[in-house]
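Chemist: Using numbering that gives the first Met the number 0, the letters of the sequence shown map in sequence onto residues 0 to 138.
My structure is below; once you've seen it, I'll send some questions.
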Amino acid sequence: MVVVVFLSASILELIRGAIGRLIAGGTPVAPTTTDLALMGATLVVNLWVVWYETGAGHRLQSEILLADAAHTRADVIITVAVIGGLILTRAGYPWADPVLALVVSAMVIRISVGIVRRSIPSLVDEAVVDHIVVHVEPC
Numbered sequence: 000m001v002v003v004v005f006l007s008a009s010i011l012e013l014i015r016g017a018i019g020r021l022i023a024g025g026t027p028v029a030p031t032t033t034d035l036a037l038m039g040a041t042l043v044v045n046l047w048v049v050w051y052e053t054g055a056g057h058r059l060q061s062e063i064l065l066a067d068a069a070h071t072r073a074d075v076i077i078t079v080a081v082i083g084g085l086i087l088t089r090a091g092y093p094w095a096d097p098v099l100a101l102v103v104s105a106m107v108i109r110i111s112v113g114i115v116r117r118s119i120p121s122l123v124d125e126a127v128v129d130h131i132v133v134h135v136e137p138c
């Protein structure tokens, strides 16, 4: 649930900034080739982390690993959008970055809802312990 709180705070700021840039405009960022290369490297690392944590989370039935994989998946989506926004801005489309930020916000909200839905059963102890169920008598 802490992951969702951090994602929510990030999304609120992302939406606020995107709407502000769409309304007021602003000076577009001019990314360098190094900026794009670093973002690409970050993307590759995060894709590997998502793959590894998702597999380990399913194997170990760990909601914590699955939630962190979902959080990292959100980072991947954001990274792809940032790279796309930087490339489009560099190509002369300054509106693309804030529009992509709003699209990313919607996607991350969807991921956050999924994290909450998967986490609630664990938080309310939904798991049934078989050896206890055997001793429960019907009314």
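Here a beta-carbon is modelled for each residue, glycine too, at the ideal position from N, C-alpha and C.
Note that the structure is predicted; figures quoted are calculated from it, not measured.
Taking the alpha-carbon positions, what's the Glu12 to Trp47 distance?
Modeler: Taking the sequence shown and counting its residues from 1, one reaches residue 12 at position 13. Taking the sequence shown and counting its residues from 1, one reaches residue 47 at position 48. So the two alpha carbons sit approximately 27 Å from each other.
Chemist: Roughly how many angstroms separate the alpha carbons of Glu62 and Gly91, rounded to a whole number?
Modeler: Start at 1 with the first residue of the sequence shown, and residue 62 comes out as number 63. Start at 1 with the first residue of the sequence shown, and residue 91 comes out as number 92. If you take the alpha carbons of Glu62 and Gly91, they lie about 43 Å apart.
Chemist: Quick check on DSSP: helix, strand or coil for Ala69?
Modeler: Indexing the sequence shown from 1 puts residue 69 at position 70. In the structure shown, Ala69 sits in a helix (DSSP, three-state: H, G or I).
Chemist: Considering only the beta carbon of each residue, do Asn45 and Asp74 sit closer than 8 Å?
Modeler: The count along the sequence shown starts at 1 and reaches residue 45 at position 46. The count along the sequence shown starts at 1 and reaches residue 74 at position 75. Yes, they are a contact pair.
Chemist: Return the chain-ordered ranges of every alpha helix (DSSP H) run that is complete within the segment 2-90 and spans a minimum of 4 residues.
Modeler: Segments of the alpha helix (DSSP H) lying fully in the segment 2-90: 32-59 and 62-89.
Chemist: Compute the distance between the beta-carbons of Val79 and Leu35, then report whether it is under 8 Å.
Modeler: Numbered from 1 along the sequence shown, position 80 holds the residue referred to as residue 79. Numbered from 1 along the sequence shown, position 36 holds the residue referred to as residue 35. Contact: no.
Chemist: I need the straight-line Cα distance from Arg58 to Leu99, nearest angstrom please.
Modeler: By one-based count along the sequence shown, residue 58 stands at place 59. By one-based count along the sequence shown, residue 99 stands at place 100. In a straight line, the C-alpha of Arg58 is about 34 Å away from that of Leu99.
Chemist: Mapping the DSSP letters down to three states, classify Pro120 as helix, strand or coil.
Modeler: Taking the first residue of the sequence shown as position 1, residue 120 is located at position 121. Note: Pro120 maps to helix in three-state DSSP.
Chemist: Check Pro97 in the structure and name its three-state DSSP category.
Modeler: Indexing the sequence shown from 1 puts residue 97 at position 98. Correct three-state label for Pro97: helix.
Chemist: Can you round the beta-carbon distance between Pro30 and Arg89 to whole angstroms, since I take them to be within the 8 Å contact cut?
Modeler: Within the sequence shown, numbered from 1, the residue matching residue 30 stands at position 31. Within the sequence shown, numbered from 1, the residue matching residue 89 stands at position 90. The pair is a contact, with the Cβ atoms about 6 Å apart (cut-off 8 Å).
Chemist: Quick check: is any heavy atom of the ligand PLP less than 7 Å from the C-beta of Ala80?
Modeler: Summarising the ligand content, the structure contains no ligands, and the ligand PLP is consequently not present.
Chemist: Work out the CA separation of Val49 and Leu85 for me, nearest whole Å.
Modeler: The sequence position of residue 85 within the sequence shown is 86, counting from 1. The sequence position of residue 49 within the sequence shown is 50, counting from 1. The straight-line gap from Cα to Cα measures roughly 24 Å.
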